[in-house]
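Protein chains in written order, with the numbering used here: chain A, 28 to 273; chain B, 753 to 1004. Ideal placement from N, C-alpha and C gives every residue a C-beta, glycine not left out. Predicted model, so just to flag it, every value in this text is computed and none were measured.
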Amino acid sequence: MERPAIGLGRIILLFWSVIKGLFQPPLDMRNTIRQMLEIGVNSIPVVLITALATGMVLALHMYTGFDRFGAEGLVGTVVALSMTREFGPVLTALVVSGRAGASMAAELGTMRVTEQIDALETLATDPVKYLIVPRFISGMIMLPALTVITDIVGILGGYFVAVSLLGTSSRTYMRATWDYLQMEDIYNGLIKACFFGIAFTLISCYKGFYTRGGAAGVGKATTGAVVYSFMTILISDYFLSAWLFK
Amino acid sequence: MIELTDIHKSFEGHHVLRGVNLAVEKGQSLVVIGGSGSGKSVLLKHIIGLLQPDKGTVAINGKDLSQLSQERLNELRKRFGMLFQSSALFDSMTVWENVGFGLKRHTSLSAEQIREIAVQKLRMVRLVGIEDEMPSELSGGMRKRVGLARAIAMEPEVLLYDEPTTGLDPITADTINDLIVKMREELDVTSVTITHNMKCAYKIADRIAMLYNGVIIDQGSPDEIKNTSNPYVRQFIEGHAVGPIAVEGIGI
């Protein structure tokens, strides 16, 4: 089993190689767009369902709680703040890392055990620049983009439950949303999403890139990518929130 | 042209190469034989810089690979072609995209020109009409030949073959052997081949070296190897279970 210090050292070196690769032209646009479609566009259905369900259930619980002390008019505020600051970036990151991160680790892991990564090197191609940089850029850009969708759909889901099912007036819900929501709630949430995008692509690519041991190794890499991505997202979320929203 | 001096390599405490010394002259076809797990593929990967030795030097035309920057190493690699044991074709690309990968990355040729060259290289390895297929649709022998076409696409000076006939039926294996001989005659390349198939070794080599216990224990022309008195080499080339080489996991 790999020692944690070696793993940490390798991931830092990989991160450094990716940063260098970002500033060394040319960028493989075809590969980058393909990854953006894979990470971003193909994740939209699952992100939509997650956002809608979260917004709806948030409104349901908030209404029940606030109704007890006559503050049900603030449901829109709580849904909007919860979605933009917390649930939007975190849930999007968890869903996308579970889907696209696992796929990245499995694809790179298979390429490693079938010597395709070695073949790239023999063809004078830097595998980090060719394989990881496009995924890194896509994760960094597409996760905030998906978070915007999650925020909007979550707020709309809350609106639907509060207004259509629980009888809050549309005007009250919208005022409660817009009067208390600030731009920094939205962009700080997007900064968190950007960080999560970098974290999960780096962890998933690292796990796949350094896979060893055939099919079993690919399985382990895929599981490891999802577990470490989830842990990193959840733990860093607290510190990022404490720092960004102080 | 290729010179390996006192190469040592260990993996997690397992000392695989224990001081390999080997030289390959320009235009020569060297075949390295040895048992499974003897470190032959590890040795081959040192020649193209996929692995770095713990101790010792690998020099190509007098240049020590460990002293080269990544850019210089990549420039050097453009003069190499490598056929992998598993063919290592890129499974997300078609056959012609695989063959033309190096040309696409390192030349300014148009996609049509690259495709034309890829078709021509595929024809050299006797494959016609498969350029638009995916690697997963090909047989093992066809995959090896596509791998060979990819290895020669950039017209390399050195070709490295890692177990080129392993896993193939005897007829397909002989076809690959013929292609390796043809590549050498038509392209005038220097080649290093790793195999444990003696029929393959005798057919393609003008020098054979045997790797055992992490060192080269004997080397010479195919005739010299056939008539060697080294008991280890004799046991290996004649394929006897009983002899000085202990068979792993069998208590004889």
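Among all the DSSP beta bridges, which residues are the ones paired with residue i?
i: residue 247 of chain A; result: According to DSSP, residue 247 of chain A bridges with nothing at all.
i: residue 834 of chain B; result: B:912
i: residue 972 of chain B; result: B:960
i: residue 761 of chain B; result: B:769
i: residue 785 of chain B; result: B:947 and B:962
i: residue 754 of chain B; result: B:776 and B:812
i: residue 967 of chain B; result: B:964
What is the rounded straight-line gap between the Cα of residue i and the Cα of residue j?
i: residue 61 of chain A; j: residue 156 of chain A; result: 15 angstroms
i: residue 964 of chain B; j: residue 984 of chain B; result: 8 angstroms
i: residue 235 of chain A; j: residue 37 of chain A; result: 13 angstroms
i: residue 802 of chain B; j: residue 184 of chain A; result: 53 angstroms
i: residue 880 of chain B; j: residue 897 of chain B; result: 11 angstroms
i: residue 859 of chain B; j: residue 817 of chain B; result: 24 angstroms
i: residue 101 of chain A; j: residue 186 of chain A; result: 12 angstroms
i: residue 199 of chain A; j: residue 41 of chain A; result: 50 angstroms
i: residue 282 of chain A; j: residue 914 of chain B; result: Any answer about residue 282 of chain A is impossible in this case: the structure gives chain A only from 28 up to 273.
i: residue 756 of chain B; j: residue 260 of chain A; result: 47 angstroms
i: residue 50 of chain A; j: residue 792 of chain B; result: 38 angstroms
i: residue 842 of chain B; j: residue 917 of chain B; result: 20 angstroms
i: residue 201 of chain A; j: residue 195 of chain A; result: 10 angstroms
i: residue 835 of chain B; j: residue 794 of chain B; result: 14 angstroms
i: residue 831 of chain B; j: residue 753 of chain B; result: 12 angstroms
i: residue 212 of chain A; j: residue 160 of chain A; result: 29 angstroms
i: residue 32 of chain A; j: residue 759 of chain B; result: 28 angstroms
i: residue 981 of chain B; j: residue 967 of chain B; result: 18 angstroms
i: residue 45 of chain A; j: residue 68 of chain A; result: 23 angstroms
i: residue 903 of chain B; j: residue 953 of chain B; result: 20 angstroms
Report back the beta-carbon spacing between residue i and residue j to the nearest angstrom; my notes put them in contact at under 8 angstroms.
i: residue 833 of chain B; j: residue 911 of chain B; result: 5 angstroms
i: residue 95 of chain A; j: residue 131 of chain A; result: 46 angstroms between Cβ atoms; not a contact.
i: residue 149 of chain A; j: residue 800 of chain B; result: 6 angstroms
i: residue 840 of chain B; j: residue 209 of chain A; result: That pair is no contact at about 53 angstroms.
i: residue 74 of chain A; j: residue 119 of chain A; result: 6 angstroms
i: residue 218 of chain A; j: residue 271 of chain A; result: 6 angstroms
i: residue 252 of chain A; j: residue 128 of chain A; result: 5 angstroms
i: residue 166 of chain A; j: residue 228 of chain A; result: 3 angstroms
i: residue 173 of chain A; j: residue 222 of chain A; result: No, residue 173 of chain A and residue 222 of chain A are not in contact; Cβ-Cβ is about 14 angstroms, not under 8 angstroms.
For residue i, which of helix, strand or coil comes out of DSSP?
i: residue 266 of chain A; result: helix
i: residue 186 of chain A; result: helix
i: residue 809 of chain B; result: strand
i: residue 50 of chain A; result: coil
i: residue 214 of chain A; result: helix
i: residue 818 of chain B; result: helix
i: residue 1002 of chain B; result: At residue 1002 of chain B, the pLDDT of 48 sits below 50, so the modelled position is not reliable; the number obtained from the coordinates is stated separately. Note: residue 1002 of chain B maps to coil in three-state DSSP.
i: residue 942 of chain B; result: strand
i: residue 880 of chain B; result: coil
i: residue 994 of chain B; result: coil
i: residue 65 of chain A; result: helix
i: residue 142 of chain A; result: coil
i: residue 930 of chain B; result: helix
i: residue 982 of chain B; result: coil
i: residue 204 of chain A; result: helix
i: residue 859 of chain B; result: coil
i: residue 903 of chain B; result: helix
i: residue 868 of chain B; result: helix
i: residue 842 of chain B; result: coil
i: residue 885 of chain B; result: coil
i: residue 93 of chain A; result: helix
Applying the criterion that 16 or more other CB atoms from any shown protein chain within 10 Å of the CB defines a buried residue, is residue i buried or exposed?
i: residue 205 of chain A; result: exposed
i: residue 824 of chain B; result: exposed
i: residue 265 of chain A; result: exposed
i: residue 1002 of chain B; result: Below a pLDDT of 50, predicted positions are generally treated as unreliable, and residue 1002 of chain B, at 48, falls in that range; the measurement from the model is reported next regardless. Flag for residue 1002 of chain B reads exposed.
i: residue 56 of chain A; result: exposed
i: residue 250 of chain A; result: exposed
i: residue 938 of chain B; result: exposed
i: residue 772 of chain B; result: buried
i: residue 970 of chain B; result: buried
i: residue 949 of chain B; result: buried
i: residue 813 of chain B; result: exposed
i: residue 43 of chain A; result: exposed
i: residue 806 of chain B; result: exposed
i: residue 883 of chain B; result: buried
i: residue 774 of chain B; result: buried
i: residue 1004 of chain B; result: Confidence is the limiting factor: at residue 1004 of chain B the pLDDT is only 42, short of 50, which leaves the residue's position unreliable, though a coordinate-based value still follows. Label assigned to residue 1004 of chain B: exposed.
i: residue 197 of chain A; result: exposed
i: residue 1005 of chain B; result: Outside the displayed span of chain B (753 to 1004) sits residue 1005 of chain B, for which this structure offers no information.
i: residue 865 of chain B; result: exposed
i: residue 269 of chain A; result: exposed
i: residue 146 of chain A; result: buried
Verify the contact flag: residue i, CB atom, against every heavy atom of the ligand COA, threshold strictly below 7 angstroms.
i: residue 69 of chain A; result: Only the bare structure without any ligand can be found here, which leaves the ligand COA out of the picture.
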